[in-house]
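Below you'll find the structure, written out as structure tokens, and then a few comments.
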Amino acid sequence: MRTCDFCGRQEDDEAATLSWSTAVERGRTRVFCDTCSREHLRAMEGKLDSEWW
């Protein structure tokens, strides 16, 4: 099971999480669902930590 580190959405199906994104912030791997990834794409590309979104 994967959980979005931003909104808390959970998904059991591995195929459904293929569109999810990952990031490493301060040495910790974070996982974001497709909805949060789309909504915060510019901040992610700017390499801003998720606490600034």
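Residues in the sequence shown are numbered from 256 upward in steps of one, following this note's numbering.
For every residue, glycine included, the Cβ atom is placed at its ideal position computed from N, Cα and C.
DSSP places E266 in the strand class (E or B) of the three-state scheme.
When secondary structure is reduced to three states using DSSP, R297 falls in the helix class.
Here the stretch 256–263 makes contact with the stretch 281–297; the two share three or more CB pairs at distances below 8 Å. Beta-carbon to beta-carbon, A271 and M299 are separated by about 20 Å, too far to satisfy the 8 Å threshold. In this structure, the alpha-carbon of E294 lies about 17 Å from that of L273.
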